[in-house]
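Residue numbers (this note's numbering), protein chains in the order written: chain A, 1 to 259; chain B, 1001 to 1443. Some notes on the structure that comes next.
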Amino acid sequence: MLEARLEQAELLKKVVDAIKDLVQDCNFDCNDSGVALQAMDNSHVALVSMMLKSEAFSPFRCDRNIALGINLSSLTKVLRCAQNNDILTVKAEDAPDVVNLMFESSDSDRLSEYDIKLMDIDQEHLGIPETEYAATVTMPSPEFQRICRDLSALSESVSIECTKEGVKFACNGDIGSGAVTLRSHSDVENPDQNIKIDLTEPVALTFSLKYLSNFCKASGLAKSVNICLSNEVPLLVEYGLAANSYLRFYLAPKIGDEE
Amino acid sequence: MPQRLGLTRQWKTISCDMRSRIVIITVTMKTRSKLPSKEAQEAPISGPVLNPSDQNPGKLVILPKGLSQEARLVTLHDPANKKPARYILCPENGIYEFTKISATSNCPRSWLIVHDQVEAESTKDALPCTPTQSGGRSSDANDYIAAADDMLVATPYDALLFLLPALHEKSKSPEHKLYLALDDLVDETGSNSKLLRTSLQSTVIRNSLEERLCAVCDVVDAGEERMFRLSPKKLAQDLIKRAENMSKDGLPRSMENRFVTEALESPIMNQNRHDSKAETSLSNDQIEVPQTTEEHNNKLPKAVMTNDELTRVLRLRVALSFMLKSYFPAALRDDVELLLASNEQLNLTKLEEHLNHLASVRSEALALRSISDNINRKRLMNDDDDDEAADARAEKKRKQEEKDRLKKTESHGIKQLKKVDISGMKKLSSFFSKAAPKKAASG
């Protein structure tokens, strides 16, 4: 039996919105520590990993480990029926055929309930080790989204170059080239605008802008985003959520395809 | 074997009349497949005690009429394959070979041999091989069930065939073609078998031998004796004459069906895409060359032989090859075959051409059939109410529908993502190792 109550339906709405364009169906793995999700895109070059810790729910009860195989489009449809401030309760049996979503309006007595049919999804999980990245850039998530959007107009891929001076997003396309360089910056009044670069060695890698733009759909979930890079390993784009929860995206770098 | 076996079937009595020269034996055909020994074991103990089955069961043999008292069953080496074979030597009537006639394996038979009082008396002496049971209490007790369904029929054998290897041997080298007297030939032939030599020396056989030798050999008179030398041409002519005789009214039915009708049958082609009149037909007197499409027209040999002519020649060829294969030693066979192939009277080349063409059409038809066969089988599957197949189909359909559904529910973003150029990007599984399933990644 799973019963998880989320004070704000907004969180799940935004998480699902952020990943629904990357993954079609996925398993929500529920256990007593919370709800986790790991899924790759169709091409298997990007991976999304979500963890909603049990602390994010109140209350959270999960007697057995269950995997809720859900089609994300279906989930999106149902979540659209919820308002951001609704209280969301997710319920499922131990061997469930359906997952039940209940939305309680916080300011009225409206209560809506939806069942989504579950599906058997045979997904392989990858073991992702904790990695010390050569460079970790923390920046406001809207900033990252803007850079990706702007450079997408010029090219399909972006090179991210981290040096002591700062981080440079550069692209080269048919109509010309463009580059955005950010230097470390701390805003005491508005810490959300801080740009922090932790660097152990300089890194330069190229990534697909389409995928990065896709990751940026999670921008609404967190004010800042961590971009972690190391040579020859996938890029990590991490959006931190409340209560130690997170939404992480991994993307394989483009190798030997210099533009 | 006594007859009181509690058999419930109706026995049918038939009489075999194999031409006029053959003794009529009344035999009863049995259509059950059980062995007599088995029958004996299964019989209830309370019933009459059965004799044990014969260790050396008798054989059913049909002998020619009018064999002399001196006629003997002998074992001689078959001149064609040098293997021992049984013959009947009759100093008055000549030599007979045995032809074994068996039922097909899918229709097993046994023989019940009933001794009719009168006929048993009259045939007793002339049938030394027919099994008889000693100590007959009644006529019933003499009846016999033979498990083996073979029937051995004695048929006249041309003694010349015994001489052929020797004749061929002596006329092999082109420079030293030797003429031989009949006695020398017989001596040569019988060098390994005294029995054969003596039997070939009997007057009747000698006379027929001489007559036959004249037909197939060049002959010179050397004083009182005639000397013979094998003439392949004469031999071929003789063979053709025999083959004509054999195929005059058509070959025996099984041979006719297998080697003539079937061989000349052209495949029915359904796939006349261009021209319906190009349909294959052999019913007309003039052979319409089978053709499938217009393009083939140019490639085909123009038909010159009529259908009847073709059948006649093919029958001859089958008869000839049957005789050559059954009675001629391999070395001689090749020589004669070469001669026959170039024989104008036979016109084998035309036949060969036609058969080759038929073979090509047939292989073409086969190729086409394998396609249509496929389709047929699929249809069969659909008609078939086999549950398993239906389930499998339902499952497949379900999966396909699922796929289609997924395709439809694919969000715009996912569709867009499919178009992204992922060149130079490795799969994530090459960076991260696979974890145990159902375990949330700590990532």
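Even for Gly, the Cβ is constructed at its ideal location relative to N, Cα and C.
Contact set for residue i: own chain, Cβ-Cβ below 7 Å, skip 5 residues either direction
i                            : result
aspartate 21 of chain A      : Asn214, Lys217
asparagine 1201 of chain B   : The sequence as given places glutamine at residue 1201 of chain B; asparagine does not occur at that position. Cβ neighbours of glutamine 1201 of chain B beyond the five flanking positions: Val1186.
phenylalanine 169 of chain A : Ile147, Leu151, Val158, Ile160, Ala179, Val180
serine 62 of chain A         : The question names serine, but residue 62 of chain A is cysteine in the sequence shown. Here the set comprises Leu2, Cys30, Asn31, Asp32.
phenylalanine 57 of chain A  : Ala4, Arg5, Leu6
leucine 118 of chain A       : Leu68, Gly69, Ile70, Pro96, Asp97, Val98, Val99
Backbone secondary structure at residue i - three-state DSSP
i                         : result
isoleucine 19 of chain A  : helix
glutamate 238 of chain A  : strand
asparagine 191 of chain A : One detail in the question is off: residue 191 of chain A reads as proline in this sequence, not asparagine. DSSP places proline 191 of chain A in helix when its eight states are reduced to three.
methionine 51 of chain A  : strand
cysteine 81 of chain A    : coil
aspartate 1221 of chain B : strand
serine 157 of chain A     : strand
lysine 1241 of chain B    : helix
leucine 1112 of chain B   : strand
threonine 1104 of chain B : coil
glycine 1067 of chain B   : Correcting the residue identity first, residue 1067 of chain B is leucine in this sequence and not glycine. DSSP places leucine 1067 of chain B in coil when its eight states are reduced to three.
aspartate 97 of chain A   : coil
aspartate 174 of chain A  : coil
isoleucine 116 of chain A : strand
glutamate 130 of chain A  : coil
glycine 1094 of chain B   : strand
arginine 64 of chain A    : coil
histidine 1168 of chain B : helix
alanine 1330 of chain B   : helix
alanine 56 of chain A     : helix
aspartate 29 of chain A   : strand
valine 1153 of chain B    : strand
histidine 1077 of chain B : strand
Cutoff 8 Å: residue i Cβ touching any chain A Cβ
i                         : result
threonine 1104 of chain B : no
aspartate 1404 of chain B : no
glutamate 1410 of chain B : yes
aspartate 1421 of chain B : yes
lysine 1427 of chain B    : yes
alanine 1435 of chain B   : yes
leucine 1418 of chain B   : The residue you asked about is not leucine; residue 1418 of chain B is lysine in the sequence shown. True, the Cβ-Cβ gap to chain A drops below 8 Å.
lysine 1399 of chain B    : no
leucine 1300 of chain B   : Because leucine 1300 of chain B sits at a pLDDT of 41, beneath the cut-off of 50, its placement in the model cannot be relied upon, and the following sentence gives the value as read from the coordinates. Closer than 8 Å: no.
Min CB distance residue i to chain B below 8 Å
i                         : result
lysine 20 of chain A      : yes
serine 155 of chain A     : no
aspartate 94 of chain A   : no
leucine 254 of chain A    : For the record, residue 254 of chain A in the displayed sequence is lysine; it is not leucine. With 8 Å as the cut-off, lysine 254 of chain A counts as an interface residue toward chain B.
methionine 40 of chain A  : yes
glutamine 24 of chain A   : yes
isoleucine 128 of chain A : yes
lysine 117 of chain A     : no
valine 233 of chain A     : yes
valine 78 of chain A      : no
leucine 151 of chain A    : no
lysine 196 of chain A     : no
serine 208 of chain A     : yes
valine 203 of chain A     : no
asparagine 226 of chain A : no
serine 230 of chain A     : no
leucine 212 of chain A    : no
histidine 125 of chain A  : yes
Supposed close pair residue i, residue j - CB separation, criterion 8 Å
i                         : j                            : result
cysteine 1217 of chain B  : arginine 1229 of chain B     : 6 Å
histidine 44 of chain A   : serine 1429 of chain B       : 7 Å
isoleucine 160 of chain A : phenylalanine 207 of chain A : 7 Å
leucine 1314 of chain B   : leucine 1351 of chain B      : 6 Å
tyrosine 211 of chain A   : alanine 39 of chain A        : At roughly 14 Å, the Cβ-Cβ gap does not stay under 8 Å, so tyrosine 211 of chain A and alanine 39 of chain A are not in contact.
leucine 1161 of chain B   : proline 1064 of chain B      : Their Cβ separation, rounded to whole angstroms, is 18 Å, which puts leucine 1161 of chain B and proline 1064 of chain B out of contact at 8 Å.
serine 106 of chain A     : isoleucine 128 of chain A    : Contact doesn't hold; Cβ gap of about 37 Å is too wide.
isoleucine 116 of chain A : valine 98 of chain A         : 6 Å
tyrosine 133 of chain A   : serine 230 of chain A        : 5 Å
Own chain partners of residue i with C-beta closer than 8 Å, once the 5 adjacent residues on each side are dropped
i                          : result
serine 1102 of chain B     : Asp1149, Asp1150, Met1151
asparagine 1192 of chain B : His1077
leucine 1332 of chain B    : Leu1164, Pro1165, His1168
aspartate 192 of chain A   : Pro140, Lys223, Ser224
valine 1336 of chain B     : Pro1232, Leu1235, Ala1236, Leu1239, Leu1324, Phe1328
heavy atom of the ligand FMN below 7 Å from residue i C-beta
i                    : result
lysine 77 of chain A : Because no ligand of any kind appears in the structure shown, any question about the ligand FMN cannot be addressed here.
Own chain, CB closer than 6 Å to residue i, minus 5 neighbours either side, in chain order
i                        : result
threonine 138 of chain A : Lys196, Ser224, Asn226
If contact is defined by three or more beta carbon pairs under 8 Å, each pair taking one atom from either stretch, is the region 1401-1420 of chain B in contact with the region 183-197 of chain A?
Result no; under three Cβ-Cβ pairs closer than 8 Å.
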